[in-house]
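Asker: Count along the sequence shown starting at 1, add 106, and that's the number in this note's numbering. Pasting in a structure now, in structure tokens, and then I'll have a few things to ask.
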Amino acid sequence: MELTEAMRSQNACRYYKSDPVPNAVFYNAIESARFGPQGGNRQPVRFLIVTDPAKKKQLSEWYNVPWKAYYEAAGSGQDAIEAESGDKKATNITMSNPEKSLADADNFAQHYGEHPAIVLVLADLEDTHPTDTDLGRLSIVGGASVYTIAQNFCLALRDQGVATTFTTLLCMFEKEIKALFNVPENLSVAAAIVAGYPEKGFPKKLFRRPVEEMAFVDSFDKPLTK
Ligand SMILES: Cc1cc2nc3c(=O)[nH]c(=O)nc-3n(C[C@H](O)[C@H](O)[C@H](O)COP(=O)(O)O)c2cc1C
Numbered sequence: 107m108e109l110t111e112a113m114r115s116q117n118a119c120r121y122y123k124s125d126p127v128p129n130a131v132f133y134n135a136i137e138s139a140r141f142g143p144q145g146g147n148r149q150p151v152r153f154l155i156v157t158d159p160a161k162k163k164q165l166s167e168w169y170n171v172p173w174k175a176y177y178e179a180a181g182s183g184q185d186a187i188e189a190e191s192g193d194k195k196a197t198n199i200t201m202s203n204p205e206k207s208l209a210d211a212d213n214f215a216q217h218y219g220e221h222p223a224i225v226l227v228l229a230d231l232e233d234t235h236p237t238d239t240d241l242g243r244l245s246i247v248g249g250a251s252v253y254t255i256a257q258n259f260c261l262a263l264r265d266q267g268v269a270t271t272f273t274t275l276l277c278m279f280e281k282e283i284k285a286l287f288n289v290p291e292n293l294s295v296a297a298a299i300v301a302g303y304p305e306k307g308f309p310k311k312l313f314r315r316p317v318e319e320m321a322f323v324d325s326f327d328k329p330l331t332k
């Protein structure tokens with residue numbers, strides 16, 4: 107499929123058909139995804155594809171601990187999205203219907219262990235080459251050696267008609283995940299990507315901030331225009 111179309115329609119899919127995704131499809135996706143850039147070309151990323159029902163059930167139980175806390179603390183869908191974005195106006199930029207988005211995300215969470223595959227993205231942090239660890243704030247650079255590959259993976263699946271949802275709530279269960287899957291000591295959990303064939307197809311339009319509000323030329327008071 108055409109690259110721009112893939113980029114514009116690779117959403118967070120909340121509903122999946124029960125059909126399994128063949129290993130060959132995952133293989134093809136990783137075969138292309140691995141060409142993403144990484145600091146020093148040190149290639150820190152590993153993938154673990156989870157399809158075993160008992161293991162997915164366990165992941166679902168862990169996932170729903172932080173999800174339920176978040177959902178219940180939020181009180182209502184509207185409050186939750188605003189609490190996350192910190193800005194009422196932001197909900198209009200990012201979502202057409204925040205309450206429905208939250209309800210869909212909750213349904214997705216309740217069925218987390220039933221989605222066809224949960225792909226754990228793992229990384230050796232020693233090989234992520236961060237350059238911003240002495241700035242007195244959270245490091246962001248190290249992730250750039252991991253998430254470029256993860257996004258490539260999602261696009262390469264989209265190219266093959268497979269939908270995904272990028273999730274990170276499971277990362278807080280890294281210790282338990284490593285024990286369950288015999289993950290080598292040097293690897294950390296960077297994401298869990300749910301994958302499957304979409305129940306409702308792919309979206310025609312995703313809600314995102316316009317270019318003029320996110321890109322500038324020479325100075326932040328000069329928005330990028332065509
Ligand atoms: C770093 C990151 C972490 C995310 N974590 C979760 C998560 O734990 N659970 C979840 O339901 N969605 C998660 N998402 C999905 C986002 O909610 C989704 O990408 C965003 O709302 C845009 O959705 P859309 O592409 O369908 O418009 C995550 C996305 C990213 C990029």
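Backbone N, C-alpha and C fix where the C-beta goes; we use that ideal spot for every residue, glycine too. From a predicted model like this one, the values you see are computed outputs, not experimental measurements.
Starting from the C-beta of Gly-267, find all residues in its chain whose C-beta is less than 7 Å away, skip the five residues before and the five after it, and write them out in chain order.
Answerer: Result list for Gly-267: Tyr-303, in chain order.
Asker: If I measure Cβ to Cβ from Gly-203 and keep anything under 7 Å in the same chain, skipping five residues before and after, which residues do I get?
Answerer: Reading the sequence as shown, one finds Asn at residue 203 and not Gly. Contacts found: none.
Asker: With a Cβ-Cβ cutoff of 9 Å, do Pro-84 and Glu-232 count as a contact?
Answerer: Any property of residue 84 remains undetermined from this structure, which presents the chain solely from 107 to 332.
Asker: Starting from the N-terminal side, write out each stretch of the beta strand (DSSP E) that is 3 residues or longer and does not extend beyond the stretch 197–278.
Answerer: As far as the stretch 197–278 is concerned, its whole beta strand (DSSP E) runs of at least 3 residues are 223–230, 269–273.
Asker: State whether the stretch 164–173 contacts the stretch 267–277, with contact taken as three or more CB pairs (one from each stretch) at a distance under 8 Å.
Answerer: Contact between the stretch 164–173 and the stretch 267–277 is present, because at least three Cβ pairs lie under 8 Å.
Asker: CA-CA distance, Arg-140 and Ile-255?
Answerer: Their backbone Cα atoms lie some 6 Å apart in a straight line.
Asker: Beta-carbon within less than 7 Å of Asp-210's beta-carbon, same chain only, minus the 5 sequence neighbours each way: which residues are those?
Answerer: Excluding residues within five positions, the ones whose Cβ falls inside 7 Å are Arg-120.
Asker: In three-state terms, what does DSSP make of Tyr-303?
Answerer: Coil.
Asker: Does the separation of the CB atoms of Pro-236 and Val-225 fall below 9 Å?
Answerer: No, the Cβ-Cβ distance between Pro-236 and Val-225 is not below 9 Å.
Asker: Are any of the Cβ atoms in chain C nearer than 9 Å to that of Gln-144?
Answerer: Of the protein chains in this structure there is only one, and it is not chain C.
Asker: Would you kindly work out how many angstroms separate the C-alpha atoms of Asp-240 and Ser-294, rounded to a whole number?
Answerer: Each residue's alpha carbon lies about 21 Å from the other.
Asker: Regarding Leu-275 and ligand 1, is the C-beta to nearest heavy atom distance less than 8 Å?
Answerer: Because some heavy atom of ligand 1 lies under 8 Å away, the Cβ of Leu-275 counts as near it: yes.
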